[in-house]
Amino acid sequence: MGIPDPTRRLNEYPHQLSGGMRQRALIAMAVACKPRLMIADEPTTALDVTIQAQILELLKDLVTEEGTGLLMITHDLGVVAGLCDDINVLYAGRAVETAERAPLFSDPTHPYTVGLLGSIPRLDAPRGEPLTPVRGSVNDNIAWADGCAFAPRCDHYTMECLQGPPQLVSVGDGDPGHVHRCVNPISHADVVDRAVLESPAVVGDDEEERG
Ligand code: SF4
């Protein structure tokens, strides 16, 4: 697990270990049991990127070599992209978009999924380009019984969104496993268009024209 001097550490108390070491000790106990299903809730949160990569490799080996099922709960979409086959995006306790990894990342349709992906820094983004966070906070919800819980934070909100809780329905891209809970989903063309319109090159051109 990458803990230096493990023989000495074995005789130490938990308060003598760093948070990352305690996290790795816990993961080691879970892995040692060779479970049929492992539920990993933010397993790499307190780890630096090097140890994080080691832990993720370990989890991958557990799945491929031991046949362990892995249910990963995380906010880190980088971890999701590298590890998960099937993805549920949850909002206010409900799945709002479900798909296999490739369609979820290449063709997201729910505004929350699109917002999450848009808030990740990209290496290929132009220098200085600001991130686009999902506006508001998780407290800005309405009850699902009253409509879409994401409505107070959604730029695609219409009155139809408050006609009761949206149901999980097929995205309609021919993939039966790709479903979403949204009455005004975002199309792939919208995402591409918005990315183009928001790029500094286009904004700069507009400003020059206005000037
Ligand atoms: S149902 Fe309406 S408010 Fe909810 S995510 Fe879709 S567009 Fe936004």
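Counting along the sequence shown from 1, when you hit position 202 you're at 211 in our numbering, and nothing is skipped either side. Glycine included, each C-beta is placed from N, C-alpha and C at the ideal position. Just so you know, these numbers come straight off a predicted model, no measurement behind them.
Take residue i as the anchor and find which of the options has the nearest alpha-carbon.
i	options	result
Pro97	Arg190, Pro194 and Ser196	As written in the sequence, residue 97 is Asn, which differs from the Pro given in the question. Asn97 has its Cα closest to that of Arg190, out of Arg190, Pro194 and Ser196.
Ile60	Ala34, Glu21 and Met81	Ala34
Leu140	Ser146, Ala108, Val147 and Arg131	Arg131
Leu67	Gly11, Glu106 and Pro23	Gly11
Pro161	Met38, Ser146 and Pro175	Ser146
Val89	Ala39, Tyr166, Leu113 and Val180	Leu113
Ile36	Asp14, Asp94, Leu71 and Tyr22	Leu71
Gln176	Glu109, Trp153, Tyr166 and Met168	Trp153
Thr9	Glu21, Arg110, Asp85 and Asp94	The structure shown does not extend to residue 9, since the chain is modelled only from 10 to 220, so the question has no answer here.
Ala62	Met38, Lys43 and Gly87	Gly87
Going by DSSP, name the residue or residues bridged to residue i.
i	result
Val188	Thr107 and Ser179
Ile96	Ala108
Ile48	Leu80
Under the assumption that residue i contacts residue j (Cβ atoms under 8 Å), give the Cβ distance between them as a whole number of angstroms.
i	j	result
Leu171	Asp155	7 Å
Asp182	Asp116	7 Å
Ala101	Ala158	4 Å
Gly186	Ala108	6 Å
Residues in the same chain with beta-carbon distance under 7 Å from residue i, minus the five sequence neighbours each way, listed in chain order, please.
i	result
Gly124	Val143
Asp149	Pro161 and Arg162
Tyr166	Ala160
Pro23	Arg31
In chain order, what residues of the same chain lie with their CB nearer than 8 Å to the CB of residue i, ignoring the 5 residues before and after it?
i	result
Leu92	Leu65, Leu68, Lys69, Leu79 and Met81
Val178	Val188, His189 and Arg190
Ser128	Leu140, Thr141, Pro142 and Val143
Arg110	Val89, Ala90, Cys93, Asp94, Asp95 and Ile96
Any heavy atom of the ligand GDP closer than 6 Å to the beta-carbon of residue i?
i	result
Pro120	This structure simply doesn't include the ligand GDP; it includes the ligand SF4 instead.
Note down, in chain order, each residue of its chain lying with its Cβ closer than 6 Å to the Cβ of residue i, except the 5 sequence neighbours on either side.
i	result
Leu206	Any reading at Leu206 is ruled out, since the residue's pLDDT is 39, under 50, leaving its predicted position unreliable.
Ala104	Asn97
Glu51	Thr83
Glu106	Val98, His119, Thr122 and His189
Arg18	Ile12
Exercise for the section: Pair every Cβ in the segment 73 to 92 with every Cβ in the segment 44 to 60, then say whether three or more of these pairs are closer than 8 Å. Expected result: yes
Exercise for the section: Inspect the CB distances between the segment 177 to 195 and the segment 116 to 127 and report whether three or more fall short of 8 Å. Expected result: yes
Problem - the segment 26 to 35 touching the segment 55 to 69, judged by at least three CB pairs closer than 8 Å - result: yes
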